[in-house]
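**Student:** Numbering (this note's numbering), first residue to last: 1259 to 1589. Dropping the structure in here first, questions after.
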Ligand SMILES: [Zn+2]
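And the structure:
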């Protein structure tokens, strides 16, 4: 009985503690929560209406959205780590991996989105020139130094994201419209911050494999979510130091199966890669195998697009309107 009382007192205070770091779990196990606490937790950020269009532009049957998160050294630096070996693995992304990725995209004239922590671009400003060269690609925000946003109080997360947006705008010459959270997670403040900064779409969450609108505390935000998934990411599957290593050709097969179902359903295929990971020789083969498979299987039925172009298309088709400023309800 005493435990029940503790739950009632502590859970709401955690949920209201907007400026506090987020623990991975609350101190109170879920079986001691009230239904109100359960609802408040799941409704903080939730999937709203589906934005799946009837068809894609020009009657295409499936959308293919490729993204490359150019993290490079920031995945090491964010922890304050100075390991020279680890930093060199990241440097590979800018020095070699990105060029290989761009060659594959150029050969096939495919557009893609590059989500870049701004520190990564400060270290390698030549990446911006290379990515901009074809005129097909888009830049998106991916944190300042790939910070662990879920561990940060509101003021620090907000300051870093504001700076990242300004830096990326300065270094690329264009203001990004899309956000991807470092490590694909939100703090209790992330959605409010990206709304305040004027982002139009988001691509870090996983409640669907079709586009949807994000809700905040049950209210429409007008922000388009282009959902991701760990099985559609090169990082966990091809890390030879991890416990889940798969051969790149096996990973390509997983991606082909994901594409085949998306094609059959007429939906969307979103794939996340990293130049410092996919850019290695045996792995760029996996990307080439996938793209060859898509060409043979679906040919002209495929709409390749940046995330930004896809977000605006589904926004128009669903008559979603503009992103809704916080504190104002959707008309
Ligand atoms: Zn990343």
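From the three backbone atoms N, C-alpha and C, an ideal C-beta is built for every residue, glycine too.
Can you round the beta-carbon distance between residue 1546 and residue 1362 to whole angstroms, since I take them to be within the 8 Å contact cut?
**Tutor:** 6 Å
**Student:** What's the gap between the Cα of residue 1536 and the Cα of residue 1494?
**Tutor:** 12 Å
**Student:** Put residue 1580 into one of helix, strand or coil per three-state DSSP.
**Tutor:** Here residue 1580 sits in coil by DSSP.
**Student:** Would you report the Cα separation of residue 1565 and residue 1467, rounded to the nearest angstrom?
**Tutor:** Each residue's alpha carbon lies about 14 Å from the other.
**Student:** Would you grab the beta carbon distance between residue 1582 and residue 1478 for me? Rounded to a whole angstrom, and I think it's under 8 Å.
**Tutor:** 6 Å
**Student:** Looking at the structure shown, is residue 1573 part of a helix, part of a strand, or coil, going by DSSP?
**Tutor:** In this structure, residue 1573 counts as helix in the three-state DSSP scheme.
**Student:** Have a look at residue 1454 and residue 1474 and give me their C-alpha separation to the nearest angstrom.
**Tutor:** 13 Å
**Student:** Please report the distance separating the alpha-carbon of residue 1414 from that of residue 1554.
**Tutor:** Residue 1414 and residue 1554 have their C-alpha atoms roughly 48 Å apart.
**Student:** Roughly how far, in whole angstroms, is the beta-carbon of residue 1459 from the beta-carbon of residue 1486, given that I think they are within contact range, below 8 Å?
**Tutor:** Residue 1459 to residue 1486, Cβ: 12 Å. No contact.
**Student:** If you draw a straight line from the C-alpha of residue 1353 to the C-alpha of residue 1325, how long is it?
**Tutor:** 18 Å
**Student:** In or out: residue 1492 buried (at least 16 other Cβ within 10 Å) or exposed?
**Tutor:** Within a 10 Å sphere around the beta-carbon of residue 1492 sit 16 or more other beta-carbons, which makes this residue buried.
**Student:** Excluding five sequence neighbours on each side, which residues of the same chain lie with their C-beta closer than 8 Å to the C-beta of residue 1262?
**Tutor:** Bear in mind that the predicted position of residue 1262 carries a pLDDT of just 34, short of 50, making it too unreliable to give a figure here.
**Student:** Between which residues of its own chain and residue 1274 is the CB-CB distance below 6 Å, once the five residues before and five after are set aside?
**Tutor:** Model confidence at residue 1274 stands at a pLDDT of 31, short of 50, so the residue's coordinates are unreliable and nothing is read from them.
**Student:** When you measure from the CB of residue 1337 to every non-hydrogen atom of ligand 1, does any distance come out below 8 Å?
**Tutor:** Relative to ligand 1, even the nearest heavy atom lies 8 Å or more away from the CB of residue 1337.
**Student:** What residue range is occupied by the uninterrupted alpha helix (DSSP H) comprising residue 1495?
**Tutor:** 1492 to 1495
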